[in-house]
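What follows is a short report on a single structure.
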Amino acid sequence: MVNYWIVGAVAIASVCWAEIIRDFYHVVSHYWAPLQKLHTWHHRVFRPNLTPVSETIYKQAHWRHDVPEAAAMMVLGLLLWVVAYFGLPEYHWGAAAGCIYTLGFLLSAIARACGIKGADELTDITHQPGDFLTPPGKWLVNKPYHWRHHFDNQNAYYCGTFTLIDKLMGTALSLKGKTVAVTGASGTLGRSLLKHLHKAGAKAIALTSGNEEITLDVDGENLPVKTVTWQAGQEADLALFLEKIDILVINHGINVHGERTGEAIANSYEINTFSAWRLMELFFLTVRTNENIACKEVWINTSEAEVIPAVSPLYELSKRALGDLVTLRRLDAPCIVRKLILGPFKSNLNPIGIMSPDWVAQQIVQQAKADARNIIVTINPLTFIVFPVKEFFVSLYFQIFSRKAIPEIKAAVASEKSSVESKIN
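The working numbering applies: residue 83 is where the sequence shown begins, and numbers increase by one.
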């Protein structure tokens, strides 16, 4: 008796196999000269607004890249079918799903190459001009995600449908050439983040409340970092500065440990919660163009204290409040928002921390390049279980019992920007 669950599993595997071949064909096309020569046409086709520079080049690009790519998918898909025929004779026809799936790519590529009217609009979705309606996709490639492959870094963002291969390769986010500002830059983690961002090719900028110019020790070399001084409560002063920032890392904070005075409560919430929230909102106002939507990001250190005790009640309360605000606002955020869920690392705020801040910073950058939206770095295995569950249900609760904020954001941008500029002037 045929087990249709096994047939279904073989069918799904064959489709995944087709996508893996597609993505690796794309990667090889960037490094192996014979395919690179053909693939170059694909990168000659589009202007930044995704309109083709020429109908002739558009057609040739499909003959030279898309059609051979789909042909390679078909050949290796048939090979998988042959393997299934001998290895799973009762279920081999499930592998036909991958071939049928690939046939759709092949026929649509030929249709575009022949210039059949409407074929591009129906089958070339990630290259259609128009406004970006959402940030880059997390698991599925959408238009903003693929736009970055053309106009941010051609040696990243390789995936065609699913983003898994980019995540595994660390090419789901390119930091090369990005301008990244880090608050709390004079702290232990802040300096380590600046160092590893610099090593990843980013243009790192230090945001600090101190007067000292930040320098980094990178492989024994002392490097000065552009340092901008600001104070919590004066976030509006950074409005024009944030216009030029690609990625804002909100990392500043305070830990009053066992204090519970009124002043300690006020300081904890002002610095840990509301200052970070104001910076995030201010940064959102800078996300206006398609390029901003595709490339701008904000990373926020909400801490493991969101879900795990930190032996500091006010630190926990203020960080949990920040975490919930970020969860609420990123439902409608105009750009990617990443949470940094960090366990106890040794710093001035936590002198008994266990983890090395340099290792923590390295893990943050590594996970960001794999496009983790919740970056968890800790030695506590419970956090890897508790936090995703908490985040899922809190996010679901917010989606059910709050209204979509996109119309309000668009309506308020002009007035809020005017208000910010009046404070600056």
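Every residue gets a Cβ at the ideal spot worked out from N, C-alpha and C, and that includes glycine.
Can you find the residues in the same chain that come closer than 7 Å, C-beta to C-beta, to residue i, ignoring five residues on each side of it along the sequence?
i, result
"I458", "I423, T465, F466, F469"
"R360", "E317"
"L324", "L330, L364, F365, T368"
"K119", "none"
"C181", "M156, G159, L160, W163"
"E398", "A387, P391, A392"
According to DSSP, is residue i part of a helix, a strand, or is it coil?
i, result
"P217", "coil"
"D234", "coil"
"L246", "helix"
"E172", "coil"
"P134", "strand"
"D299", "strand"
"P306", "strand"
"W381", "strand"
"I329", "strand"
"T311", "strand"
"N349", "helix"
"I102", "helix"
"T290", "strand"
"I139", "helix"
"V89", "helix"
"L185", "helix"
"I436", "coil"
"A415", "coil"
"A191", "helix"
"N456", "strand"
"F469", "helix"
"H147", "helix"
"T343", "coil"
"T538", "Nothing about residue 538 can be read from this structure; the chain reaches only from 83 to 507."
"L422", "strand"
What do you get for residue i, buried or exposed, if any count of 16 or more other CB atoms within 10 angstroms of its CB means buried?
i, result
"A91", "exposed"
"Q445", "buried"
"P211", "exposed"
"C196", "exposed"
"T245", "buried"
"V135", "exposed"
"P116", "exposed"
"K451", "buried"
"V471", "exposed"
"E101", "buried"
"T343", "exposed"
"W87", "exposed"
"Y479", "exposed"
"S400", "buried"
"K199", "exposed"
"Y227", "buried"
"F483", "exposed"
"V393", "exposed"
"T371", "exposed"
"L255", "buried"
Out of the options, state which residue places its alpha-carbon closest to the alpha-carbon of residue i.
i, options, result
"K421", "S429, E386, Y397, S438", "E386"
"V442", "F427, D453, G435", "F427"
"V157", "Q481, P134, A392, I103", "I103"
"N462", "V447, P395, L257, V389", "V389"
"E352", "H334, V307, V408", "H334"
"L161", "K258, A238, S96, L250", "S96"
"Y183", "P218, A392, Y239, T243", "T243"
"D406", "T384, P416, T309, T368", "T384"
"Y107", "N85, R402, H147, R126", "H147"
"G272", "T409, I332, R194, M251", "I332"
"T355", "L404, T371, S394", "L404"
"T290", "K249, T309, N304", "T309"
"T138", "W123, V149, P130", "W123"
"C417", "K220, Y140, N131, R194", "K220"
"L305", "I296, W145, L188, W114", "I296"
"E373", "D213, V109, L204", "D213"
"G159", "L170, D206, L185", "L185"
"L170", "N85, V419, R129, N235", "N85"
"H236", "A201, W312, H121, C98", "For clarity, residue 236 is Gln in the given sequence; the question names His instead. Per the Cα distances, H121."
"Q313", "L215, E203, L189, G292", "G292"
Residues in the same chain with beta-carbon distance under 8 Å from residue i, minus the five sequence neighbours each way, listed in chain order, please.
i, result
"G435", "P426, F427, K428, S429"
"I347", "L396"
"V300", "K277, H280, K281"
Using 8 Å for Cβ pairs, my map puts residue i next to residue j. What's the rounded Cβ distance?
i, j, result
"A191", "A152", "5 Å"
"L257", "A288", "Going by Cβ atoms, the distance from L257 to A288 rounds to 16 Å, so no, they are not a contact pair."
"A376", "R230", "5 Å"
"Y140", "V127", "5 Å"
"T208", "N224", "7 Å"
Can you find the residues in the same chain that come closer than 6 Å, C-beta to C-beta, to residue i, ignoring five residues on each side of it along the sequence?
i, result
"I487", "Note on identity: in this sequence residue 487 is Ala, with Ile being the wrong assignment. Excluding residues within five positions, the ones whose Cβ falls inside 6 Å are D414."
"A263", "I287, L289, I327, L330"
"C241", "D105, V223, I247, D248"
"L132", "H209, P211"
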